[in-house]
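S.K.: Sending over a structure as structure tokens; questions will come in a sec.
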Amino acid sequence: MAEPYRNSDQNSFAFTSATKRWPIIITQAIDAVFRAIPGPSDELKTKEGRKIVEDLAKLKYELQHNRVLSPLRDDGLPDIAHYNDALAALGEPRWLEVSWLFSECYLYRRIATYFKTTTAWNTFDVFLSSKLTTLRSSLPAILELAHRYSSITKQSTFTDDASSLLFDEIFLICLWGNATDLSLLTTLTYDEIQSLQGSHARKESEKNILSNDLDKIYDLLTSLKSSGQQERRVDIVLDNSGFELFVDLYLAGYLLSQGLATNIVLHPKNHPWFVSDVLPSDFAILLNALQDPVDFFITKNENEHEIKHELKTEDAEAIKGLFASLATFHAEGKLSIRTNKYWTLQDPFWTLPEHTELWEDLKSSELVIYKGDLNYRKLTGDAAWPPTTPFDKALQTLGKGSGCRTLALRTCKADVVVGLDEGVDERLRQEYKDNTNDQSKRSWAWHGKYAVMQYCDGKA
Ligand code: F6P
Ligand code: MG
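Under the UniProt record's numbering, the first residue of the sequence shown carries the number 1, and numbering increases by one thereafter.
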């Protein structure tokens, strides 16, 4: 069995992440709370806000001085015991001693306790403002896709070839929508975000998909459709809000309108998570933005650094058309959102079958799509597998015979990778070696430039 990546491993992104990125993310959280402290007009909120700032500063200090991870404060939610039991089992580990996956989840869950234990900040999303900014900056890509939505979702008169090309394109859009997550790309400019999202960028990046099982998904969903099976549900375990959630909904709209699925269930997080992950409130924000795009993208856009977008009448109409379609699916019960505390546990997904209710629910789906890097890390235990390890082996309990079909749509932003052909990792390490000729790091896999679309049929 492969060992999980640890924060102390200087060759892995875990080390860079724990020592460089997390302190920046905590500082940004401190700024966000500080800016939201109301002052004398609201004494309680001000007092609690100052305490949160103090707690965050203490957390940053402990992290940067490699102190022992303290048990999580009881915020009344049932997952605290799960974290604290795991922590107790590890002895009294320090930040650099623990596994990357455990400590990164612990970090975000610990930040959540600071808010959950207050009265006035209970529902405050400390990462909201950065999420809104990136959603607004995604307008050009949203427009490009919105204008195409009605032709894409018309009842299919496509030839088989055209229909499989369209299928691939929509899945590619959904895949690369994951390249813009905020925890990693904090330094991107608006222009850079926009250029990452356009159709030209998508074409260019096709060669960077290192393992691609999309044909199998096309065969699966089209043959289920022709089988006449009444209910054909597809689940999406979401990753980031903003543009990525937009493309996830776009995929949902496409699958439902083409009859490639009869129901789509979306799984968001319960707490602000890895900066940009979807909360139920982000889902509502996006739908409101699509319902009234002028208000969200133009009127309420207060970011003076952003080039002011214009929204012509036909643009606003295209976005509203997309909203109307999604709202209808939602009202008909075909598009729904389902929360579960499991998604913010520290566990690799290998423990899913132990969570009987959720597991039985997922097994009743025809396909479970896991978006993004963190979900991939959890699917594979965030472990240092040889890169040619078969995907189904790395899935462990979710692999063959599990009863669940798993598709990972992941742009690579961490070390773990499986299912590659012999020699691919070596070639990319060689290309990315630094000027000291150091090939010991898998740095090609850290920045979302490469991707995998990997499938395991656990129902076979
Ligand atoms: O290290 C970068 C990172 O924060 C990883 O910890 C995490 O896996 C990833 O970015 C988040 O990416 P995504 O939003 O695709 O899960
Ligand atoms: Mg994320």
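Where a beta carbon is used, it is the ideal one built from N, C-alpha and C, also for glycine.
Since we're looking at a predicted model, the values are computed, not measured.
Determine the burial state of Ala57: buried for a count of at least 16 other Cβ atoms within 10 Å of its Cβ, exposed for fewer.
M.R.: So Ala57 ends up on the exposed side.
S.K.: Whole angstroms are fine: how far does the CA of Ala81 sit from the CA of residue 462?
M.R.: Lying before the first or after the last residue shown, residue 462 is absent from the chain, which here runs from 1 to 460.
S.K.: Beta carbon of Asp125: closer than 8 Å to some heavy atom of the ligand MG?
M.R.: Result no, Cβ not under 8 Å from the ligand MG.
S.K.: Could you have a look at Ile236 and say whether DSSP puts it in helix, strand or coil?
M.R.: Ile236 falls in the strand class under three-state DSSP.
S.K.: Would you report the Cα separation of Gly49 and Trp121, rounded to the nearest angstrom?
M.R.: Cα-Cα distance, rounded: 8 Å.
S.K.: Note down the Cα distance separating Phe171 from Lys51, rounded to an integer number of angstroms.
M.R.: Cα to Cα, the separation comes out at about 44 Å.
S.K.: Could you name the residues of the same chain whose beta carbon sits closer than 6 Å to that of Leu184, not counting the 5 residues immediately before and after it, in chain order?
M.R.: Note that Leu184 scores 41 on pLDDT, short of 50, meaning its location in the model is unreliable and no value can be drawn from it.
S.K.: Please list, in chain order, all residues of the same chain as Asp213 whose beta carbon is under 7 Å from its beta carbon, the five residues on each side excluded.
M.R.: These residues qualify, in order along the chain: Met453, Gln454, Tyr455.
S.K.: Leaving aside the five residues before and after Ser164 along the sequence, list all residues of the same chain whose C-beta is less than 7 Å from its C-beta, in chain order.
M.R.: Excluding residues within five positions, the ones whose Cβ falls inside 7 Å are Tyr218.
S.K.: Assign Asp295 to buried or exposed, taking buried as 16 or more other Cβ atoms, counted over all protein chains shown, within 10 Å of its Cβ.
M.R.: Per the 10 Å Cβ criterion, exposed.
S.K.: Can you tell me whether Ala2 is helix, strand or coil according to DSSP?
M.R.: Three-state DSSP puts Ala2 in coil, outside helix and strand.
S.K.: Are the beta-carbon atoms of Leu335 and Asn240 separated by less than 9 Å?
M.R.: No; because the gap between Cβ atoms is not below 9 Å, this pair is not in contact.
S.K.: Alpha carbon to alpha carbon, how far is Gly177 from Leu238?
M.R.: Going by the C-alpha atoms only, they are around 12 Å apart.
S.K.: Please specify which runs of the beta strand (DSSP E), each continuous and at least 3 residues long, are wholly inside the segment 384 to 455, giving them in chain order.
M.R.: Those beta strand (DSSP E) runs which fall completely within the segment 384 to 455 and span 3+ residues are 405 to 411.
S.K.: Using the C-alpha atoms, what's the distance from Asp434 back to Thr118?
M.R.: Straight-line Cα distance between these residues: approximately 47 Å.
S.K.: If you pair each beta-carbon of the segment 33 to 43 with each one of the segment 89 to 104, do three or more pairs fall below 8 Å?
M.R.: Touching, no.
S.K.: Tell me the rounded alpha-carbon separation between Tyr432 and Glu317.
M.R.: Approximately 45 Å between the Cα atoms of the pair.
S.K.: Can you give me the C-alpha to C-alpha distance between Ser364 and Ala289, rounded to a whole angstrom?
M.R.: Looking at the two C-alpha atoms, the distance is approximately 32 Å.
S.K.: Within the present structure, is the beta-carbon of Glu104 separated from the nearest heavy atom of the ligand F6P by less than 8 Å?
M.R.: Glu104 Cβ: within cutoff of the ligand F6P.
S.K.: With burial defined as no fewer than 16 other Cβ atoms inside 10 Å of the residue's Cβ, what is the status of Glu231: buried or exposed?
M.R.: Counting Cβ neighbours within 10 Å, Glu231 comes out exposed, since fewer than 16 surround it.
S.K.: Which residues bound the alpha helix (DSSP H) around Lys131?
M.R.: Here the alpha helix (DSSP H) through Lys131 covers 128 to 137.
S.K.: Is it right to say Thr133 is buried, meaning 16 or more other beta carbons lie within 10 angstroms of its own, or is it exposed?
M.R.: It is buried - the Cβ of Thr133 has at least 16 other Cβ atoms within 10 Å.
S.K.: How many whole angstroms separate the CB atoms of Lys371 and Asp457, which I take to be in contact at a CB cut-off of 8 Å?
M.R.: Contact flag wrong, Cβ pair sits at about 19 Å.
S.K.: Measure the beta-carbon distance from Arg67 to Arg94 and round it to whole angstroms, keeping in mind my assumption that it falls under 8 Å.
M.R.: That pair is a contact at about 6 Å.
S.K.: Quick one: is Ala89 buried, meaning 16 or more other Cβ sit within 10 Å of its Cβ, or exposed?
M.R.: It counts as exposed.
S.K.: Consider the C-beta atom of Leu409 and the heavy atoms of the ligand MG; say whether any pair is separated by less than 8 Å.
M.R.: For the ligand MG, not one heavy atom lies less than 8 Å from the Cβ of Leu409.
S.K.: Would you tell me roughly how many angstroms separate the C-alpha atoms of Lys393 and Leu379, rounded to the nearest one?
M.R.: In a straight line, the C-alpha of Lys393 is about 11 Å away from that of Leu379.
S.K.: Taking the straight line between their C-alpha atoms, what separation do you get for Trp446 and Lys47?
M.R.: Going from the Cα of Trp446 to the Cα of Lys47 covers about 40 Å.
S.K.: Along the alpha helix (DSSP H) that carries His355, what are the first and last residues, could you check?
M.R.: Careful: His355 lies outside any alpha helix (DSSP H) and carries neither H nor E.
S.K.: Are the CB atoms of Ala451 and Leu398 nearer to each other than 9 Å?
M.R.: No, the pair does not count as a contact, with Cβ atoms beyond the cut-off.
S.K.: May I ask you to report which of helix, strand or coil DSSP gives Val265?
M.R.: Strand at Val265.
S.K.: Just to check, is the beta-carbon of Phe274 closer than 8 Å to a non-hydrogen atom of the ligand MG?
M.R.: Yes, Cβ of Phe274 sits closer than 8 Å to a heavy atom of the ligand MG.
S.K.: Taking the beta carbon of Leu44 as the centre, do at least 16 other beta carbons fall within 10 Å, making it buried, or is it exposed?
M.R.: Flag for Leu44 reads exposed.
S.K.: What's the call for Glu92, buried or exposed, on a 16-neighbour Cβ count within 10 Å?
M.R.: Result: exposed.
S.K.: Please report the Cβ distance between Phe391 and Val275, rounded to the nearest whole angstrom; I am assuming they are in contact, meaning their Cβ atoms lie under 8 Å.
M.R.: At roughly 27 Å, the Cβ-Cβ gap does not stay under 8 Å, so Phe391 and Val275 are not in contact.
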